[in-house]
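What follows is a set of notes on a single structure, which appears directly below.
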Amino acid sequence: MRTLRYCINITLDGCCDHQAGLPTEAVHRFHAESLARADALIFGRVTYEMMESAWRWREGKRPEWMADWMEPFSRTIDASKKYVVSSTLDRVDWNAELVRGDLGQTVQKLKREPGKELLVCGVTLPLALAELGLIDEYEFVVQPRLAGHGPTLLAGLSKYVDLKLVSHKEIDSGMVVMRYQAKK
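If you want the working numbering, it's the 1-based position in the sequence shown plus 1057.
Set out below in structure tokens:
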């Protein structure tokens, strides 16, 4: 059974707004390696649309605004298989497949398929998956910053999720990656 890993950047006060993080070369390198460990990404509509608009290559060219050191991350996410959970989108592309129906059953089916792991990103969809007990690993890239605003990590979770720390490492200027396994 494939593992479902949730990976997100957060500030020390729990903010997971994508604009609150520090976009360094080291954090992009880490996320490129993180993406490469997965067979596929699972996005909700908002995360899919945000990532697609920022990182999609068009006609073999990277987005014009992109720094050279961002290219490995961009190439990796652009090529990744994606599943998009949405009841409002009619279609998706960008190596993506639209998934509908019962979220728990759909993700359980994806986890039973052969292969490496699945990676989920974003805010709303991971909360729903955590509520269902479907996330196996949580990987937090903790940024040395206080944001003072939200959205905050897993806000609204109805029950405790107990975790076991399995690794941690500093990657850049006080940024620490902490990886936890969910205790079942």
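Even glycine gets a Cβ: it sits at the ideal position worked out from N, Cα and C.
Quick caveat: nothing in here was measured; it's all calculated off a predicted structure.
Within the same chain, Cβ atoms closer than 8 Å to the Cβ of Q1165 are found at L1191, the five residues on either side in sequence being excluded.
Taking the C-beta atoms as reference points, N1066 is found no nearer than 8 Å to V1223. Counting C-beta atoms within 10 angstroms of its own C-beta, H1085 has 16 or more neighbours from the protein chains shown and is therefore classed as buried. Put simply, the segment 1141–1148 touches the segment 1092–1103. At least three CB pairs are less than 8 Å apart. A Cβ-Cβ distance of about 10 Å is found for the pair W1151 and K1138, leaving them out of contact under the 8 Å criterion.
Beta-carbon to beta-carbon, T1104 and E1174 are separated by about 18 Å, too far to satisfy the 8 Å threshold. Within the DSSP bridge table, the entry for H1225 names M1235 as partners.
In this model, R1169 and A1185 are separated by some 19 Å (Cα to Cα).
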